[in-house]
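This report refers to the structure that appears directly beneath it.
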Amino acid sequence: MKIAIIGYGKMGKVIERNAIERGHEVTLKISRHNAADLNSTNLKKVDVAIEFTTPENAINSINSCLENNVPLVVGTTGWYHLFEEVKQKCKKHNGTLLYATNCSVGVNLFFKLNEMLAKLMNNHTNYNVKVEEIHHTQKLDIPSGTAISLAEGIINNLDAKNKWGIKPTTDKKELFIEAHRIENVPGTHQVTYSSYIDDIEIKHTAHNREGFAHGAVIAAEFIFNKKGIYTMQDVLFG
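This is the structure in C-alpha cells:
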C-alpha cells in the first residue's frame with residue numbers, strides 16, 4: 009500500500025518504519041511544517057492514511073481524507089464530541105474510517121480483560137474500583153482516550169458505576185480516573201479494585217511507541233478496500 013502519515017513527528021516516524029518493514033511505501037508525510045500538502049492532489053496518490061496529530065487538527069484530517077475517498081486510521085483522541093458529525097460525513101462520502109483510543113494490540117487485549125473483570129466483580133460489592141493513567145507531558149487530553157475506554161468498559165459491565173470523573177468524589181456511582189503527566193512515559197494504565205481485605209489490579213505498561221505504531225499499520229491494512237466505520241476491536245476480534 010501507499011500510505012500517508014498525517015502527523016510526522018515522533019510517532020509518525022515509528023509508524024513509517026513499521027510500515028516499510030511490512031512492505032508498504034510511505035509516499036506522503038504531513039507535519040506542521042507542510043500542512044498545506046494535505047490536499048486533493050497529494051491524497052489521490054495514496055491508498056490509506058494514518059493520522060496522529062492533535063484534537064484540533066484531527067477533524068481537518070478526517071474531512072480531507074473522507075472528501076478524497078482515502079481510508080483513514082485516526083489514532084488521535086479528544087475529538088469524539090464531534091463523532092456524530094464525522095459519522096454523517098463518512099456516510100455521505102461512502103468513506104472509510106477506523107478510530108481508536110489506542111491502536112496497540114496489547115491495550116485492546118487489555119480492554120477485553122477489563123470488561124471481563126468488571127462483569128465478574130458484580131458479585132463482589134465490597135470492592136470499589138478506580139482507573140489510573142500516566143502519560144508523557146506532551147499528552148494534551150486529560151484523561152487519555154484509553155483511560156476513557158477503560159472507564160466505559162467498566163461502566164457498561166459493572167452495575168455499581170454509571171459515570172466517570174477526574175476528581176475524587178463521595179458519589180459511589182462515579183468512577184474516578186486519576187490522571188498523571190510525567191516526562192518520558194509512553195503510557196501506563198491500571199484498573200484497581202480495592203476492599204479492606206485486598207486489592208485486585210490489572211495493568212498495561214507501554215515501554216515505547218512500537219505497539220501503537222504496529223497496531224496502526226495493521227489497522228491500515230484492515231481497512232484497505234473496505235467501507236464504513238471501524239475500531240480496533242473489529243481488527244482483532246472480528
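Using the numbering used here, read the sequence shown as starting at 9 and increasing by one per residue. Glycine included, each C-beta is placed from N, C-alpha and C at the ideal position.
Confirm, please, whether the CB-CB distance from K53 to R217 is below 8 Å. No Cβ-Cβ contact shorter than 8 Å links R217 with K53.
Pick from I210, K181, K180, E24 that is closest to V115, judged by C-alpha positions: Cα-wise, what sits closest to V115 is I210.
Using a Cβ-Cβ cutoff of less than 8 Å, which residues in the same chain neighbour P63 once the five nearest sequence positions on both sides are dropped? Within the same chain, P63 has close Cβ partners T84, T85, G86, W87, L148, D149.
For the putative contact between I14 and E59, defined by C-beta atoms under 8 Å, what is the C-beta separation to the nearest angstrom? Between I14 and E59 the beta-carbon gap is near 4 Å, inside 8 Å, which marks them as a contact.
Cβ neighbours of V139 in the same chain (closer than 6 Å, five flanking residues each side left out): Once the five neighbours on either side are set aside, the close Cβ partners of V139 are A155, L158, A159, I185, V199.
Y201 - DSSP class collapsed to helix/strand/coil: The answer is strand: DSSP assigns Y201 an E or B state.
When burial is assigned at 16 or more other CB atoms within 10 Å of the CB, is K169 buried or exposed? That one is buried.
When we look at the beta-carbon of N65 and count the other beta-carbons within 10 Å, is it buried (16 or more) or exposed? With 16 or more Cβ atoms within 10 Å of its Cβ, N65 is classed as buried.
Assuming I11 and V56 form a contact by the criterion Cβ under 8 Å, report the distance between their Cβ atoms to the nearest whole angstrom. Correct: roughly 6 Å between the Cβ atoms.
Quickly, what does DSSP pair N136 with across the bridge? List them, please. Looking at the DSSP assignment, N136 forms a beta bridge with S202.
Assuming K180 is part of the alpha helix (DSSP H), what are its boundary residues? In the DSSP annotation of this structure, K180 is not part of any alpha helix (DSSP H), being labelled neither H nor E.
Backbone CA spacing between A1 and L46 [nearest angstrom]: The structure shown does not extend to residue 1, since the chain spans only 9 to 246, so no value can be given for it.
Evaluate contact between the region 118 to 128 and the region 173 to 181, counting only Cβ atoms and requiring at least three cross-stretch pairs below 8 Å. Short answer: they don't touch.
If you compare alpha carbons, which of H144, N77, L166 is closest to G195? Minimum Cα distance to G195 is reached at H144.
So which of N165, L183, A126 has the shortest CA-CA distance to P151? Checking every option, the nearest Cα to that of P151 belongs to L183.
Nearest by alpha-carbon distance to S39: which of R30, K21, H89, T49 is it? Checked all of R30, K21, H89, T49; the closest Cα to S39 is K21.
Exposed unless 16 or more other CB atoms sit within 10 angstroms - verdict on Y254: Residue 254 lies beyond the residue range present for the chain, which begins at 9 and ends at 246; the question has no answer from this structure.
Comparing alpha-carbon positions, which option in I226, D206, H197 lies nearest A214? The shortest Cα separation from A214 among I226, D206, H197 belongs to H197.
Since L106 and V81 should fall inside the 8 Å C-beta cutoff, what is the C-beta to C-beta distance between them, to a whole number of angstroms? Contact holds; Cβ gap of about 5 Å.
Thinking C-beta only, is M240 closer than 8 Å to C111? Going by C-beta atoms, C111 is nearer than 8 Å to M240.
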